[in-house]
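Structure first, commentary second.
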């Protein structure tokens, strides 16, 4: 029996030790009802030590159990282990608050855990959760559910669901989604990539509401979310008629990087002018699920990197006004990796690409693709998180040991790995700070 299959069949094992060893975030939740829409932990949770240390603590989720292990990245000390009663397939942390949000495509609910007070509220949802975005300078988070987009006010524990559904009449399984949600944090605009056709859907942020006389962030959002979604047709740029796949939006609404769902190309979309730039053909042969990687936009929106699972990379340089405004034609610089990539990040003040994939991790200069250092593994890289000072990359490996691997991005040297207790196979890594507001 393979290690992956063994872990999958033994997914519930942390519950045995959790009662005696772990400090659980959820202690005796009452079921949510219409009178009690959320279930909160008892007052004793407040006596637990705060976990709000954005630059010190890393939260590492197990891929097969309910555990999220908390470790201190400088000392390697194990701080705590959290469990919310389901596998944490989706979780995010606020950058300007002490809030952790955890969900799963397997459960129609979200858990909101205050890292200072250690209280947890479980809020029922109309359908399972796939994406989470915290809205800066508010107490709101946007969520992408199976076929709808919602907004949670976690201070009031209220949920607003937009009426429009993004679904398929040919749905064959309850686990699929047919759209991807993007968020621009400064403009606070939401974008939906339609998987069934080459269309973007835009929901403006609250800027227009603020101009009309509403003053609080809560009033601004209530006003702006009454507006209808705006559709942007990109069919002229997708000759095959495929829908859109995955993508990321820059912080200030200036740029979207997105993929075509069939893997044929990546697109840059400039909302202010409607200009579209293409990577040109990407996938060379074969068929895989999500053949293109999640694109990466650096913190200054000056570099955008696309890639496919065969290692073909396309880099756009947008570091001058002529390129951003369309006065200069933008063409991608291409290079090829000698491994199959899965994750793209950047670090050390946006000077170095960090690319992880099948049995390899590569640190590569922005300026020169030949200036690189590569680390080889027996396993594939599944997750990369870059610390807020952009100096350290935290890496998890598929089917590897329970370790969080650290790399000094400045020197391109490995640091001592951190043992992650109570986690059989590390997956997602999150901190309360990182080096790119787009992620």
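Numbering (mature numbering (1 follows the signal peptide of the UniProt record, and there is no 0)), first residue to last: -18 to -1, 1 to 421. Even for Gly, the Cβ is constructed at its ideal location relative to N, Cα and C.
What residue range does the beta strand (DSSP E) around residue i cover?
| i | result |
| --- | --- |
| residue 106 | 102 to 106 |
| residue 211 | Premise fails: residue 211 is in no beta strand (DSSP E) and is neither H nor E. |
| residue 39 | 39 to 44 |
| residue 239 | 238 to 242 |
| residue 361 | Neither: residue 361 is in no beta strand (DSSP E) and is coded neither H nor E. |
| residue 171 | 171 to 176 |
| residue 348 | Note, residue 348: premise wrong, no beta strand (DSSP E); not H, not E. |
| residue 274 | Neither: residue 274 is in no beta strand (DSSP E) and is coded neither H nor E. |
| residue 90 | 89 to 96 |
| residue 113 | 111 to 117 |
| residue 68 | From DSSP, residue 68 is part of no beta strand (DSSP E); its letter is neither H nor E. |
| residue 136 | Residue 136 -> no beta strand (DSSP E), and no H or E assigned at all. |
| residue 233 | Taken as a continuous stretch (DSSP letters only), residue 233 belongs to no beta strand (DSSP E), as it is neither H nor E. |
| residue 50 | 49 to 54 |
| residue 252 | 248 to 252 |
| residue 288 | 285 to 289 |
| residue 260 | 257 to 260 |
| residue 386 | 385 to 390 |
Which of the three DSSP states is assigned to residue i in this structure?
| i | result |
| --- | --- |
| residue 307 | helix |
| residue 219 | helix |
| residue 200 | helix |
| residue 294 | strand |
| residue 371 | coil |
| residue 334 | strand |
| residue 81 | strand |
| residue 190 | Low local confidence applies: a pLDDT of 44 at residue 190 is under 50, so the model's placement there is unreliable, and no value is given. |
| residue 426 | Nothing about residue 426 can be read from this structure; the chain reaches only from -18 to 421. |
| residue 130 | coil |
| residue 416 | coil |
| residue 342 | strand |
| residue 62 | strand |
| residue 321 | coil |
| residue 409 | strand |
| residue 34 | coil |
| residue 181 | strand |
| residue 486 | Lying outside -18 to 421, the shown extent of the chain, residue 486 is not represented and no answer is given. |
| residue 402 | coil |
| residue 378 | strand |
| residue 490 | This structure does not reach residue 490, given that the chain is present from -18 up to 421, and the question cannot be answered. |
| residue 423 | A question about residue 423 goes unanswered here, because the residues of the chain that appear run from -18 up to 421. |
| residue 396 | strand |
| residue 146 | coil |
| residue 245 | coil |
| residue 224 | coil |
| residue 86 | strand |
| residue 354 | strand |
Considering only residues of the same chain and omitting the five flanking positions on each side of residue i, which have a CB-CB separation below 7 Å?
| i | result |
| --- | --- |
| residue 358 | 341 and 342 |
| residue 80 | 34, 96, 97 and 98 |
| residue 157 | 87 |
| residue 165 | 115, 124, 172 and 231 |
Leaving out five residues on either side along the sequence, give the residues of the same chain with a beta carbon under 6 Å from the beta carbon of residue i.
| i | result |
| --- | --- |
| residue 452 | Outside the displayed span of the chain (-18 to 421) sits residue 452, for which this structure offers no information. |
| residue 211 | 146, 183 and 185 |
| residue 389 | 375 and 396 |
| residue 217 | 180 |
| residue 50 | 41, 43, 64 and 70 |
| residue 228 | 162, 241 and 276 |
Below 8 Å CB to CB, which residues in the same chain sit around residue i once its five sequence neighbours on both sides are set aside?
| i | result |
| --- | --- |
| residue 25 | Any answer about residue 25 is weak, because its pLDDT of 43 lies below 50 and its placement is not dependable; what the coordinates show is given next. Correct list: empty, nothing qualifies. |
| residue 308 | 252, 255 and 257 |
Checking contacts by CB at 8 Å: is residue i closer than that to chain C?
| i | result |
| --- | --- |
| residue 95 | Included in the structure is just one protein chain, with no chain C present. |
Given 8 Å, three or more beta-carbon pairs between the stretch 136 to 150 and the stretch 173 to 188: yes
Touching by the beta-carbon criterion (3+ pairs, under 8 Å), the stretch 236 to 254 and the stretch 274 to 291: yes
Cβ contact check for the stretch 105 to 123 and the stretch 67 to 78: 3 or more pairs under 8 Å: yes
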